[in-house]
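*Asks:*
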Amino acid sequence: MSPTQRLILLFCSILSFASAALLFPRGEGESGVNAPVTVPIAQPSAEDLEPPCRNKKRAAWRQEQVIDDVPISASPMCEPDNPNAVAAFVKGTDRVAMETLMRTHLARDALIKGDDRDGDGDPDVIHISLEVIELNGSSPDGDYLFPTYNIAPGIQPGLWVFAPKTRGMAIKHLFTDEANEMLRAPSPVIRVEQGDTVMITLENTHYFPHSIHLHGVDHPWRDAAGNYNDGVPQTGERHVLPGERKTYTITPRQTGTMFYHCHVQTDTHLMMGLNGMFVVEENRPNNWLQTFNVGAGHVRHSSAAVKERYDREYDLHYQALDKELGSIIQSANDPRLIAKAMNRDYDLTDATEDYYLLNGHAFPYTLRDALIVAKPDEHLKLRVVNAQRGLLALHFHGHKAAVTALDGVEQPLGLQVTRDVFDIAPAQRVDLHLQTTDDGLHSYGPGIWLFHDHVESGITTNGLNPGGNISVLVYDQFLTEQGMPAVDRSIVQQLFSKRFQARQTPVWQQGEAAQLYGDTAPLFPPTGRVIAAGLLVGIGFCLLVIVFRSFSRSR
Amino acid sequence: MHRIPLSIVLFMLSQTAVTQTRSTESQPSEPMTVRPAPDTTPHQHHRMHIDMDGMVMNKNSETLPEGCERIAGEAEITVHAGRRHARRFNGKIFAFDRQEWSVQPCTRVRITLVNDDDIRHQLMIHELPVYLHPPFGMFTIELNGKGRKTGTLITPKEKKTYLVHCDVPQHMENGMKAQLKVDGGDGDLSSIPGLTAEETPDHYPVEWSNQAYALLCIAAFTGLTIPFLLRGLLRNRRSTSPTADQKK
Chain A
-8 MSPTQRLILL
2 FCSILSFASA
12 ALLFPRGEGE
22 SGVNAPVTVP
32 IAQPSAEDLE
42 PPCRNKKRAA
52 WRQEQVIDDV
62 PISASPMCEP
72 DNPNAVAAFV
82 KGTDRVAMET
92 LMRTHLARDA
102 LIKGDDRDGD
112 GDPDVIHISL
122 EVIELNGSSP
132 DGDYLFPTYN
142 IAPGIQPGLW
152 VFAPKTRGMA
162 IKHLFTDEAN
172 EMLRAPSPVI
182 RVEQGDTVMI
192 TLENTHYFPH
202 SIHLHGVDHP
212 WRDAAGNYND
222 GVPQTGERHV
232 LPGERKTYTI
242 TPRQTGTMFY
252 HCHVQTDTHL
262 MMGLNGMFVV
272 EENRPNNWLQ
282 TFNVGAGHVR
292 HSSAAVKERY
302 DREYDLHYQA
312 LDKELGSIIQ
322 SANDPRLIAK
332 AMNRDYDLTD
342 ATEDYYLLNG
352 HAFPYTLRDA
362 LIVAKPDEHL
372 KLRVVNAQRG
382 LLALHFHGHK
392 AAVTALDGVE
402 QPLGLQVTRD
412 VFDIAPAQRV
422 DLHLQTTDDG
432 LHSYGPGIWL
442 FHDHVESGIT
452 TNGLNPGGNI
462 SVLVYDQFLT
472 EQGMPAVDRS
482 IVQQLFSKRF
492 QARQTPVWQQ
502 GEAAQLYGDT
512 APLFPPTGRV
522 IAAGLLVGIG
532 FCLLVIVFRS
542 FSRSR
Chain B
1357 MHRIPLSIVL
1367 FMLSQTAVTQ
1377 TRSTESQPSE
1387 PMTVRPAPDT
1397 TPHQHHRMHI
1407 DMDGMVMNKN
1417 SETLPEGCER
1427 IAGEAEITVH
1437 AGRRHARRFN
1447 GKIFAFDRQE
1457 WSVQPCTRVR
1467 ITLVNDDDIR
1477 HQLMIHELPV
1487 YLHPPFGMFT
1497 IELNGKGRKT
1507 GTLITPKEKK
1517 TYLVHCDVPQ
1527 HMENGMKAQL
1537 KVDGGDGDLS
1547 SIPGLTAEET
1557 PDHYPVEWSN
1567 QAYALLCIAA
1577 FTGLTIPFLL
1587 RGLLRNRRST
1597 SPTADQKK
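Listed below in structure tokens is the structure:
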């Protein structure tokens, strides 16, 4: 074979390979006359599905009870607050019976309640210890997160919280990575009495520097000892480094629903979850307060002033997380790498939030512990804080509530506006008086009524609706024995699938809709093109063999 | 089927009468505050028959189309419309129970539309002779909900395919489309469910199954042999030709 012939054959070989590559069917195709069938929705595996309410043993926690002389009101939801922890938060971890404390994860020195200075029957010197806890953080020992905290089935964004000082294992029990009930979002609500001397000690258990800024709470810029007290590194205060502690001392003169957050790199540290509600209650005799409300939500031991006017009290903490920000702590362990990624690479002005939480959970987990439960003809006190980056437009179905206070300041009666959407700017607080009087204004009657952010991004979880901060105001006649809203199980069950939450299964799975809007079966690649591409590959390869063989023969 | 009780119909009729007398009394400049009650009397107007259940527009049972000397025959078509009829077609929401009808020219066709849904559906035929179906050459049966209505038309003499559809937005696009062929028709329309492909087809993901890979392998092996076979053929021819020896 002459070199020219070889060259021609080689060229032909390359040509057939190239045309095979061009003809090779890939990507998408057209269906012709008949569209592909609908793939039936696969039955979810046991691993994928969780029961809507899994805490059967918590039935005892739901009941009204007295622990160590502390009356604790009934909290008929799937996951009520631990009544032993409520008792410890009222009495102080130093005064509560050791037996009670052992039923919590709290440290003995988490909350010390001191002298009754004004002799009115309650302690007036309160010492609070807060730790900084990372949830869903990474480990150099393997591809896993620790300790884990699910905001919705299978969803574990990296986040930080302030937490009451705890003891022992961070996890629920030895055979899980799941954080114990004290270590959760949001940072706990803190309740103190007007005029109390409150010492808040930040014990920095984290690997980054942090501080506490008491937003809206009466506090001197510098305390009596001359220490900076505003939590702001730019005005003189040194941030608290890992392993250090700092005490903020305040004696708040004004009451109201306030806010607290870390003021070190506030843009990211607040967005990572270092923010919580801070309530200053009226000074009343025998006013033993539930100093912490972990996970916010139902207040099981309200203050004297609230009990006078209201039947129930709920703390509603709205928070948004950015998936990309949270993933920074999950993609490295070296704090220098995390600091660079968070402080210098990450740009909040280019960011969008992905997770919207009410009391630390996204729907449907909000159904477990962020319900508002009511009976007809009741008065409800709702304290709302917007810790999101954007506006919160809080809407209640079936009800119109009245604004009694803005940013902790009681509004004059004439300005206590009644409405059904409350626009709350970031960091603002609104106190609401919600009446369940069936008069067509305050309430349209008993039911399972949704309440949610009406900025629609707020009702999504990583883009999936229904999700986000949706929860329900449910009249107790519509609660199941397990404390879940009495909605048909087939509707609720789908929401508790990890695959559904990961947007892997169709949204409409009920009845005929499953067939109408299910996934389309993939197409078989076009037969003609498959054959043509195959033939060309064969021909090209054969031509190559011929050329090589003629080479070796000519040598 | 929604049947309105007679008593309600009578009440509405009386209300209509009251509204009409009122409107004659009132000043024309006065703003209209009372919405007149719906006219429930069957109403013949511009070849339109309308009532509470729907309407039939442009029916023609008498006038012969041009070129037809007489009515050549009678035909009866019953068309069901609704979501359930789309179940046979993947990715369609609404449909008629049939997608094609064939009729002879100059035939009187009695068309009955049966609406099996609780919403409005239509059967609309286009491009009929304008002198028979003024002003746009359309024939329409519309039903406001479940129920049935009948209208008649006489097919023209020409060999032609007519579009049959529902004009409620997105109903035709989602499957409520069919064709009426007179004298065998003059072709097919696009995107008739189960019959013809779409003009602007959707794109679906393609997945390589085992069968596809097998097909590819078989084709590749076949391809592998082709040049050898060709060379063999070529050699055979050369060896039989006189120039072959010279080259060697």
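So the sequences go chain by chain: A and B.
Note that this note's numbering numbers the first sequence so that position 279 is 270, with each residue one more than the last.
Note that this note's numbering numbers the second sequence so that position 229 is 1585, with each residue one more than the last.
All C-beta atoms, glycine included, are put in the ideal place defined by N, C-alpha and C.
Please read these numbers as outputs of a predicted model, since none were measured by experiment.
#1: Is the CB of THR(-5) of chain A under 8 Å away from at least one CB in chain B?
#2: Tell me which residues of the stretch 383 to 404 of chain A have at least one Cβ-Cβ distance to chain B shorter than 9 Å, keeping chain order.
#3: Output, in chain order, the set of chain B residues within a Cβ distance shorter than 8 Å of LEU507 of chain A.
#4: With a threshold of 8 Å between beta-carbons, can ALA504 of chain A be considered close to chain B, or not?
#5: What residue from A:TYR347, A:VAL255, A:HIS370 and A:GLY234 has the CA that sits closest to VAL297 of chain A's CA?
#6: Alpha carbon to alpha carbon, how far is THR1508 of chain B from GLY1447 of chain B?
#7: Throw me the rounded Cβ distance for the LEU150 of chain A and LEU312 of chain A pair, which I believe falls under 8 Å.
#8: Looking at chain A, is there any beta carbon in it that lies within less than 8 Å of the beta carbon of PRO1485 of chain B?
#9: Closer than 8 Å, CB to CB, is VAL1562 of chain B near chain A or not?
#10: Report yes if the C-beta distance between PRO1549 of chain B and ALA1437 of chain B is below 8 Å; otherwise report no.
#11: Is the beta carbon of ALA396 of chain A closer than 8 Å to that of GLY247 of chain A?
#12: Does any C-beta atom of chain B lie closer than 8 Å to the C-beta of ALA9 of chain A?
#13: Flag this pair as yes or no: are the beta carbons of GLN419 of chain A and GLN310 of chain A separated by less than 8 Å?
#14: Can a CB atom of chain A be found closer than 8 Å to the CB of SER1417 of chain B?
#15: Quick one: Cα of CYS69 of chain A to Cα of GLU472 of chain A, how far?
#16: In chain order, what residues of the same chain lie with their CB nearer than 6 Å to the CB of PHE283 of chain A, ignoring the 5 residues before and after it?
#17: When you compare the CB of ILE1433 of chain B with every CB in chain A, is at least one pair closer than 8 Å?
#18: Hey, how far is the Cα of LEU232 of chain A from the Cα of MET333 of chain A?
#19: Would THR1380 of chain B count as contacting chain A if we go by Cβ distances under 8 Å?
#20: Report yes if the C-beta distance between ILE103 of chain A and ALA78 of chain A is below 8 Å; otherwise report no.
#21: Give the range of the beta strand (DSSP E) segment to which PRO155 of chain A is assigned.
#22: Kindly say whether SER1546 of chain B, judged by its beta-carbon, lies nearer than 8 Å to any beta-carbon of chain A.
#23: At 7 Å on the CB atoms, spell out the chain B contacts of PRO27 of chain A, in chain order.
#24: Is the CB of THR1517 of chain B under 8 Å away from at least one CB in chain D?
#25: At a Cβ threshold of 8 Å, is GLY1541 of chain B touching chain A?
#26: Quick check: what's the CA-CA separation for ILE1497 of chain B versus LYS1415 of chain B?
#27: Using beta carbons (cut-off 8 Å, strictly below), is PHE564 of chain A in contact with chain B?
#28: Taking CB distances under 8 Å as the criterion, tell me whether VAL231 of chain A reaches chain B.
#29: Pairs of beta-carbons, one from the stretch 501 to 510 of chain A and one from the stretch 10 to 19 of chain A, closer than 8 Å: are there three or more?
#30: Using only the alpha-carbon positions, how far apart do PHE1584 of chain B and LEU14 of chain A sit?
#31: To the nearest angstrom, report how far apart THR478 of chain A and LEU383 of chain A are at their CA atoms.
#32: Anything in chain A within Cβ reach of ALA1575 of chain B, meaning under 9 Å, just list it in chain order.
#33: How would you list, in chain order, the residues of chain B whose beta-carbon sits under 9 Å from the beta-carbon of SER22 of chain A?
#34: On the criterion of 16 or more Cβ atoms from any shown chain inside 10 Å, does GLN495 of chain A qualify as buried, or is it exposed?
#35: Using only alpha-carbon positions, find the residue among A:ASP214, A:PRO200, A:VAL189 and A:ASN127 that is nearest to ASN171 of chain A.
#36: Ignore the nearest five residues each way along the sequence and tell me which others in LEU432 of chain A's own chain have a CB closer than 7 Å to its CB.
*Replies:* The structure says:
#1: Here residue -5 of chain A corresponds to residue number 4 of the first sequence, with the count starting at 1. Judged by the 8 Å Cβ criterion, THR(-5) of chain A is not in contact with chain B.
#2: none
#3: For the purposes of this step, residue 507 of chain A is taken as the residue at position 516 of the first sequence. The answer, in chain order, is ILE1449.
#4: On the first sequence, position 513 is the one that residue 504 of chain A refers to. Cβ-Cβ to chain B under 8 Å: no for ALA504 of chain A.
#5: Residue 297 of chain A sits at position 306 when you count from the first residue of the first sequence. Minimum Cα distance to VAL297 of chain A is reached at A:HIS370.
#6: Reading the second sequence from its first residue, position 152 is the one you call residue 1508 of chain B. Reading the second sequence from its first residue, position 91 is the one you call residue 1447 of chain B. Spanning the two alpha carbons is a distance of roughly 32 Å.
#7: For the purposes of this step, residue 150 of chain A is taken as the residue at position 159 of the first sequence. For the purposes of this step, residue 312 of chain A is taken as the residue at position 321 of the first sequence. Between LEU312 of chain A and LEU150 of chain A the Cβ distance is about 6 Å, and since that is below 8 Å, they are a contact.
#8: Numbered from 1 along the second sequence, position 129 holds the residue referred to as residue 1485 of chain B. Chain A contact via Cβ: absent.
#9: Here residue 1562 of chain B is taken as the residue at index 206 of the second sequence, counted from 1. At least one chain A Cβ lies under 8 Å of VAL1562 of chain B.
#10: In the second sequence, residue 1549 of chain B corresponds to position 193, counting from 1. In the second sequence, residue 1437 of chain B corresponds to position 81, counting from 1. No, they are not a contact pair.
#11: The count along the first sequence starts at 1 and reaches residue 247 of chain A at position 256. The count along the first sequence starts at 1 and reaches residue 396 of chain A at position 405. Contact: yes.
#12: Residue 9 of chain A sits at position 18 when you count from the first residue of the first sequence. Cβ-Cβ to chain B under 8 Å: no for ALA9 of chain A.
#13: To locate residue 419 of chain A, count along the first sequence from 1; it is residue 428. To locate residue 310 of chain A, count along the first sequence from 1; it is residue 319. Not a contact, by the Cβ cut-off of 8 Å.
#14: Translated into positions along the second sequence, residue 1417 of chain B becomes position 61. No, its Cβ sits nowhere closer than 8 Å to a Cβ of chain A.
#15: For the purposes of this step, residue 69 of chain A is taken as the residue at position 78 of the first sequence. For the purposes of this step, residue 472 of chain A is taken as the residue at position 481 of the first sequence. Each residue's Cα considered, the two are about 9 Å apart.
#16: Walking along the first sequence from the start, residue 283 of chain A turns up at place 292. Hits under 6 Å: PHE80, PRO155 and PRO179.
#17: The residue labelled residue 1433 of chain B in the question sits at position 77 within the second sequence. Not an interface residue.
#18: Residue numbering aside, residue 232 of chain A sits at position 241 when the first sequence is read from its first letter. Residue numbering aside, residue 333 of chain A sits at position 342 when the first sequence is read from its first letter. Answer to the nearest angstrom: the Cα atoms are 17 Å apart.
#19: Counting from one through the second sequence, the residue named residue 1380 of chain B turns up at place 24. Note that THR1380 of chain B scores 38 on pLDDT, short of 50, meaning its location in the model is unreliable and no value can be drawn from it.
#20: Counting from one through the first sequence, the residue named residue 103 of chain A turns up at place 112. Counting from one through the first sequence, the residue named residue 78 of chain A turns up at place 87. No, they are not a contact pair.
#21: Your numbering for residue 155 of chain A matches position 164 in the first sequence. Taken as a continuous stretch (DSSP letters only), the beta strand (DSSP E) holding PRO155 of chain A covers 150 to 155.
#22: Against the second sequence, residue 1546 of chain B aligns to sequence position 190. Not closer than 8 Å to any Cβ of chain A, the Cβ of SER1546 of chain B fails to qualify, so no.
#23: In the first sequence, counting from the first residue as 1, residue 27 of chain A sits at position 36. Within chain B, the residues near PRO27 of chain A are ASN1446 and TYR1560.
#24: The chain labelled as chain D is not found among the protein chains of the depicted structure, namely A and B.
#25: Within the second sequence, the letter at position 185 stands for residue 1541 of chain B. With 8 Å as the cut-off, GLY1541 of chain B does not count as an interface residue toward chain A.
#26: The residue you call residue 1497 of chain B lines up with position 141 of the second sequence. The residue you call residue 1415 of chain B lines up with position 59 of the second sequence. Roughly 9 Å between the two C-alpha positions.
#27: For chain A, the structure presents residues -8 to 546; residue 564 of chain A sits outside this window and is missing.
#28: Here residue 231 of chain A refers to the residue found at position 240 of the first sequence. No - not a single Cβ of chain B is within 8 Å of the one on VAL231 of chain A.
#29: no
#30: Stepping through the second sequence from its first residue, residue 1584 of chain B is reached at position 228. Stepping through the first sequence from its first residue, residue 14 of chain A is reached at position 23. Looking at the two C-alpha atoms, the distance is approximately 23 Å.
#31: In the first sequence, the residue the question calls residue 478 of chain A occupies position 487. In the first sequence, the residue the question calls residue 383 of chain A occupies position 392. Inspection of the sequence shows that residue 478 of chain A is occupied by Val rather than by Thr. Each residue's Cα considered, the two are about 27 Å apart.
#32: One-based indexing of the second sequence puts residue 1575 of chain B at position 219. Neighbours of ALA1575 of chain B on chain A, chain order: VAL521, ILE522, ALA523, ALA524, GLY525, LEU526, LEU527, VAL528 and GLY529.
#33: For the purposes of this step, residue 22 of chain A is taken as residue 31 along the first sequence, with counting starting at 1. Near SER22 of chain A (Cβ distances below 9 Å), the residues of chain B are ASN1446, GLY1447, ALA1553, GLU1554, PRO1557, ASP1558, HIS1559 and TYR1560.
#34: Numbered from its first residue, the first sequence carries residue 495 of chain A at position 504. That one is exposed.
#35: Numbered from 1 along the first sequence, position 180 holds the residue referred to as residue 171 of chain A. Per the Cα distances, A:ASN127.
#36: On the first sequence, position 441 is the one that residue 432 of chain A refers to. Around LEU432 of chain A: LYS391.
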